[in-house]
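Novice:
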Amino acid sequence: MIIGRVTITNMGNEMYNDGLFYVEQAEKLENQENKFNHWRYCRAAIISFCAAAEAEIAKLIVGSLKKQSRLSRDDKRVLDFLTDPNFKTKNIPTDLASISKKYNYLRKLNKLRWKSLDAKYDNLTKLRNKIIHYSFSSHDAVYSDNIFIASKDASVIVKNYIKELYTIANENPPQWVNSTASKTIV
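Counting the sequence shown from 1 gives a position; the working numbering is that position plus 29.
1) Is there contact here, the stretch 73-88 with the stretch 186-199, by at least three beta-carbon pairs under 8 Å?
2) Can you name, in chain order, every residue of its own chain whose Cβ lies under 6 Å from the Cβ of residue 132, other than the five neighbours on each side?
3) What number of angstroms, rounded off, separates the C-alpha of residue 139 from the C-alpha of residue 148?
4) In three-state DSSP terms, what is residue 46?
5) Could you check whether the stretch 110-117 touches the stretch 149-161, counting it as contact only if at least three pairs of C-beta atoms, one from each stretch, sit closer than 8 Å?
6) Distance check for residue 200 and residue 176, CA to CA, integer angstroms please.
7) In chain order, what residues of the same chain have a beta carbon less than 6 Å from the beta carbon of residue 41, not counting five sequence neighbours either side?
If you want it as structure tokens, here you go:
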């Protein structure tokens, strides 16, 4: 029995590293006849990279809210939603309802104007949504050689997006975002 053990987690780092791992696995299977294993790793890479960005924007929103001298009722609700595991709500706060809304909420908290999401990151999240919320109309996007290209491009797209998020929050980006190969996290 382990007593008093604490596990430190960094979801953004872990998911980004997972994305790199899955791309490496997909590359090993690129020229094999059985495309399904190849596609499996491509899909997992895209989901992981996007999850890394989601974890980082949530962390930066919390940090930006905690820097505020006063919080509105809505801001307090967002903070509670993101930090309190016992917080009960029927709906996700409006400011967190989409990637674009989260991005612009972070911008607003840091006194920046509204801005469209980077087109490459927006397209990557749309592909992620086609994977997660699969329907037959998404078949060509999810089961094609283009998904391999997208999974390989995803690390750079997400790296640039995460760096932009840290710039918005006036913080230095984490070093792991510059990784180009997966590694064992201890």
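Glycine included, each C-beta is placed from N, C-alpha and C at the ideal position.
Specialist: Considering the structure as presented:
1) With contact defined as three or more Cβ pairs closer than 8 Å, the stretch 73-88 and the stretch 186-199 are in contact.
2) Position 103 of the sequence shown, counted from the first residue, corresponds to residue 132. The residues are 146.
3) Position 110 of the sequence shown holds residue 139. Position 119 of the sequence shown holds residue 148. Near 22 Å, if we compare the C-alpha coordinates of residue 148 and residue 139.
4) Taking the first residue of the sequence shown as position 1, residue 46 is located at position 17. Residue state for residue 46 is assigned as helix, using DSSP reduced to three classes.
5) The stretch 110-117 and the stretch 149-161 do not touch, with fewer than 3 CB-CB distances between them shorter than 8 Å.
6) Taking the sequence shown and counting its residues from 1, the one referred to as residue 176 is at position 147. Taking the sequence shown and counting its residues from 1, the one referred to as residue 200 is at position 171. Their backbone Cα atoms lie some 32 Å apart in a straight line.
7) On the sequence shown, residue 41 is found 12 positions in, with the first residue counted as 1. Within the same chain, Cβ atoms closer than 6 Å to the Cβ of residue 41 are found at 81, 84, 85, the five residues on either side in sequence being excluded.
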